[in-house]
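> Numbering (our numbering), first residue to last: 8 to 128.
1) Please report how far the alpha carbon of residue 50 lies from the alpha carbon of residue 65, in whole angstroms.
2) Can you tell which of 117, 82 and 30 has its C-alpha closest to the C-alpha of residue 7?
3) Mapping the DSSP letters down to three states, classify residue 53 as helix, strand or coil.
4) What are the residues that DSSP puts in a beta bridge with residue 80?
5) Since residue 123 is in the alpha helix (DSSP H), which residue starts that stretch and which ends it?
6) Buried or exposed for residue 101, please, with buried defined as at least 16 other CB atoms from any protein chain shown within 10 angstroms of its CB.
7) Please name the residue in 17, 19 and 54 whose C-alpha comes closest to that of residue 124.
8) Exposed or buried, which one is residue 78 when buried takes at least 16 other CB atoms within 10 Å?
9) Comparing C-alpha positions only, which one of 58, 63 and 85 sits nearest to residue 105?
10) If contacts are defined as beta-carbon pairs under 8 Å, then residue 113 and residue 15 qualify, I think. What distance do you get, rounded to the angstrom?
Below is the structure:
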């Protein structure tokens with residue numbers, strides 16, 4: 008399914024090792040999802056969006072979103088014909104949401120629970 012550009016689950020321990028340079032002292036990856044080239048990390052402090060750019064993917068943008076800047080979010084479950092689940096996150100001061108698509112194999116309710124745990128603090 009990764010060939011279609013949709014996210015799938017990554018082991019948080021592996022993500023912790025792979026992206027340790029991005030993390031603050033004591034920061035822990037709670038969940039991680041991988042697209043073809045991009046990665047989404049949910050840490051105990053923030054959401055990190057890793058966007059590989061260009062043909063080679065050598066240029067990378069690291070977008071750090073503190074949970075406190077998330078004003079609201081929505082999830083849309085997969086259906087019979089639409090096999091993808093969607094996550095939309097709105098940030099304070101930004102009218103358009105950040106949108107991410109997950110395969111039917113990803114538990115979108117788990118994603119919602121992680122966000123709820125950190126955004127509701």
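Even for Gly, the Cβ is constructed at its ideal location relative to N, Cα and C.
Because the structure is a prediction, the values reported are computed rather than measured.
Taking the structure as given:
1) 24 Å
2) Since the first and last residues shown for the chain are 8 and 128, residue 7 lies out of range.
3) strand
4) 96
5) 115 to 126
6) exposed
7) 54
8) exposed
9) 58
10) About 6 Å; that satisfies the 8 Å criterion.
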